[in-house]
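Notes follow once the structure below has been shown.
Protein chains in written order, with this note's numbering: chain S, 14 to 428; chain W, 8 to 382.
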């Protein structure tokens with residue numbers, strides 16, 4: 014039997030050796046961890062986010078302030094606990110200096126909480142867009158250079174009133190992101206005198222909208238539809254079948270290509286649908302065109318990339334660019350617990366493809382958004398035209414911090 | 008009960024009668040060990056127990072804090088939940104997918120009643136931690152007994168289906184209920200209490216906390232399997248009709264087994280929520296429900312230690328597979344390893360241990376103990 018114990022001992026020793034790998038930190042290269050979702054519902058978006066972040070590194074030739082950039086990637090499946098596990102590996106095992114990620118809202122809040130336990134590492138958001146990340150218990154070493162769900166919709170309220178929609182009904186999915194989106198719309202819309210008599214919250218991935226359609230009041234001028242791609246198409250089909258004819262106002266992920274490719278009889282009624290989004294394919298700013306060209310050159314469609322960069326690619330690009338521009342500004346100096354670096358991040362004006370971004374006191378971006386409108390081109394295809402670009406939107410949506418409340422089912426309210 | 012038949016066939020020697028094989032499958036490895044009493048407890052603790060225990064105790068001082076926490080402690084917490092499934096499946100013949108749900112109910116109860124720093128909405132009642140903890144264990148055990156009551160009359164694949172349905176229903180309840188479960192966002196900052204001036208969330212204290220409860224769960228299951236209840240349960244696994252004819256209440260035994268497994272899963276669930284520091288619907292989703300099954304099967308269901316072996320392999324793969332291969336393909340490594348283990352050893356990692364052990368025993372000529380019909 015003795016040999017059995019020896020075997021056990023050897024086995025355990027192997028485990029112990031396995032555990033003490035790593036610790037090899039070179040003095041020169043700066044290690045950046047990158048986290049996106051390569052599994053689960055946002056796998057395609059996560060892959061494009063990684064492309065965006067890599068593009069920012071490629072632009073600098075893989076070198077920042079004379080230091081080589083060593084990129085270490087990790088993946089999650091859009092679950093907060095998985096995201097924190099992956100982040101912990103990058104920070105504690107791979108010893109990254111700077112951490113970029115994660116992708117989705119729930120993950121962002123969890124990684125922000127984790128960042129408080131790692132004061133020696135600077136965390137920069139990926140593309141997560143929950144309001145609470147920077148509004149509730151912000152972390153001193155978590156920075157977000159992208160605007161979030163509510164900011165993306167700001168400016169749409171005025172656009173809706175300009176179109177003559179004085180009363181609207183809201184139809185949105187029942188979770189945090191649509192709450193933010195609806196708030197971004199209503200904050201301005203209600204202030205300027207618009208009315209929202211009915212809000213219908215539907216389950217994510219719901220198939221049957223008949224009860225919602227039955228609740229659409231006769232006297233509303235339009236429907237604000239904040240549904241994801243497939244849900245939006247399902248809703249459109251059923252609304253058409255029920256004989257509905259109200260015009261639409263869309264959320265940031267509603268009027269996607271699936272909706273524009275919609276083949277129903279009401280196709281033409283989609284023309285004129287307005288929406289708010291941080292990215293607009295048809296935007297003709299010089300920096301944006303340059304960004305799109307660089308993306309298309311680096312990632313041809315044949316390699317699995319999109320014909321034009323997605324929201325995730327743009328936002329990851331912006332955040333990674335912020336991380337690198339900050340390093341450049343302090344000449345790669347990460348001494349003293351990243352003190353100078355964080356100072357630089359907090360105060361710099363970041364040049365992004367869609368305009369300049371600055372951070373507020375919670376280290377949240379103050380940036381731009383686009384109001385788009387669906388139009389028909391000469392071949393009869395539908396596409397999103399940029400109606401207006403709104404700059405300098407902060408997280409308070411133009412309210413005083415004292416009167417600001419985070420979006421929920423009942424907030425804001427103007428029946 | 009194809010699983011039981013299969014096990015019977017594995018255990019019985021060639022040409023042995025089926026009856027003989029069934030007795031062998033019951034965990035009564037050596038004659039004269041029917042029950043553990045304290046005077047002869049020492050006889051059960053062999054040198055290998057001491058060595059393994061010593062290694063487990065020394066581990067956090069050798070490994071980095073990251074490995075201690077994310078690999079060591081996480082494997083212990085997940086192993087404890089998988090242990091509850093091993094107990095149910097391996098010794099009760101009931102494969103329940105809802106063990107993660109039970110663990111999640113414990114975690115959610117702790118978050119809902121306990122002192123959570125959840126100013127970001129959700130109702131946390133802020134009870135003292137020990138009361139919330141007791142509540143969590145009680146609620147989860149009650150839920151487990153309820154799940155057992157629902158599913159005991161089914162067998163095999165139908166048990167899996169009904170427990171899967173319960174688990175998915177709970178997932179959607181958490182996802183869509185905002186008043187109690189805080190929906191999509193769940194609860195953040197569910198941390199262990201500061202006790203004896205120690206922050207139990209830091210790697211080394213947390214590791215020992217998890218180790219203590221993992222060992223407690225392991226020895227509890229080992230002990231339980233030798234009690235009359237455990238023996239009866241294994242009898243029911245092998246032939247419920249015969250046990251019924253002998254006067255045992257099969258349904259009551261099975262429900263009791265679910266409740267006992269519920270206690271173990273609840274402790275694991277509390278450890279896991281403290282490990283993550285958060286609980287969201289994703290923590291009780293189908294992928295985690297199936298992961299627990301994978302862990303149990305990977306390690307082997309014939310012995311309680313299998314759950315922990317499976318958990319170690321699972322956590323190591325989850326953590327380090329991404330370093331081995333292209334980032335988009337690393338799930339392939341995980342899948343291939345799982346497949347290889349299950350393909351080459353239908354009894355999980357434990358299936359590899361048995362031949363090694365018998366070889367070693369044969370080599371040491373001094374030891375020629377009669378091992379009964381078992382192996």
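Glycine residues also receive a C-beta, built at the ideal position from the N, C-alpha and C atoms.
This one's a predicted model, so the numbers in the text were calculated from it and none came from an experiment.
- Taking CB atoms only, residue 290 of chain W has a neighbour in chain S less than 9 Å away.
- The C-beta of residue 123 of chain S comes closer than 9 Å to at least one C-beta of chain W.
- Pairing residue 316 of chain W with residue 82 of chain W, the inter-Cα distance amounts to about 9 Å.
- Within the stretch 358–425 of chain S, the runs of beta strand (DSSP E) that reach at least 3 residues and sit entirely inside it are, in chain order, 363–365, 368–372, 378–389 and 395–406.
- Under the Cβ distance rule, residue 329 of chain W counts among the residues neighbouring chain S, one pair being separated by less than 9 Å.
- For residue 309 of chain W and residue 88 of chain W, the gap between their C-alpha atoms comes out near 16 Å.
- Annotated three-state conformation of residue 159 of chain S is coil, per DSSP.
- In chain order, 93, 118, 119, 122, 143, 145, 188 and 189 make up the part of chain S whose C-beta sits under 9 Å from the C-beta of residue 192 of chain W.
- Between the stretch 223–237 of chain W and the stretch 114–122 of chain W there are fewer than three C-beta pairs closer than 8 Å, too few to call the two in contact.
- Chain order gives no chain S residues near residue 184 of chain W, where near means a beta carbon separation below 8 Å; the closest approach is about 10 Å.
- Only those residues of the stretch 87–98 of chain W whose C-beta falls short of 8 Å from the nearest C-beta of chain S would be listed, and there are none.
- Annotated three-state conformation of residue 84 of chain S is strand, per DSSP.
- Between residue 359 of chain S and residue 347 of chain S, the C-beta gap is not smaller than 9 Å, which leaves the two residues out of contact.
- Taking all protein chains shown into account, residue 320 of chain S has fewer than 16 neighbouring C-beta atoms within 10 Å of its C-beta and is therefore exposed.
- S:203 is the residue among S:164, S:203, S:165 and S:57 whose C-alpha sits nearest the C-alpha of residue 182 of chain S.
- Per DSSP, residue 161 of chain W is not a residue of any beta strand (DSSP E), being assigned neither H nor E.
- Closest in alpha carbon position to residue 283 of chain S, among S:216, S:317, S:245 and S:83, is S:245.
- Between the C-alpha atoms of residue 174 of chain W and residue 105 of chain W there is a straight-line separation of about 5 Å.
- With contacts defined by Cβ atoms closer than 9 Å, residue 244 of chain W and residue 53 of chain W do not form a contacting pair.
- By the rule that beta-carbons nearer than 9 Å mark a contact, residue 256 of chain W does not touch chain S.
- Using a C-beta cut-off of 8 Å, the stretch 152–168 of chain W makes no contact with the stretch 130–140 of chain W, since fewer than three inter-stretch Cβ pairs fall below that distance.
- The Cβ of residue 337 of chain W sits closer than 9 Å to at least one Cβ of chain S.
- Where residue 118 of chain W is concerned, the enclosing alpha helix (DSSP H) starts and stops at 106–120.
- Contact between residue 273 of chain W and residue 92 of chain W is ruled out by a C-beta separation of about 13 Å, above the 8 Å threshold.
- Per the C-alpha coordinates, the member of S:133, S:388 and S:113 positioned closest to residue 400 of chain S is S:388.
- Between residue 170 of chain S and residue 114 of chain S the beta-carbon gap is near 32 Å, outside 8 Å, which marks them as no contact.
- In this model, residue 46 of chain S and residue 104 of chain S are separated by some 8 Å (Cα to Cα).
- Listed as beta-bridge partners of residue 169 of chain W by DSSP are no residues whatsoever.
- Residue 109 of chain W has a beta carbon lying at 9 Å or more from every beta carbon in chain S.
- Under the 9 Å criterion on CB atoms, residue 283 of chain W is classed as interfacial with respect to chain S.
- In the pairwise beta carbon analysis, the stretch 287–296 of chain W is classified as not touching the stretch 198–207 of chain W: fewer than three pairs are separated by under 8 Å.
- For residue 175 of chain S, not one C-beta of chain W is nearer than 9 Å to its own C-beta.
- For residue 214 of chain S, the uninterrupted beta strand (DSSP E) segment begins and ends at 208–215.
- With its beta carbon at least 9 Å from every one in chain W, residue 71 of chain S lies outside the interface.
- The three-state reading of DSSP puts residue 262 of chain S in strand, counting E and B together.
- Excluding its 5 nearest sequence neighbours in each direction, residue 310 of chain S has no C-beta neighbour in its own chain below 7 Å.
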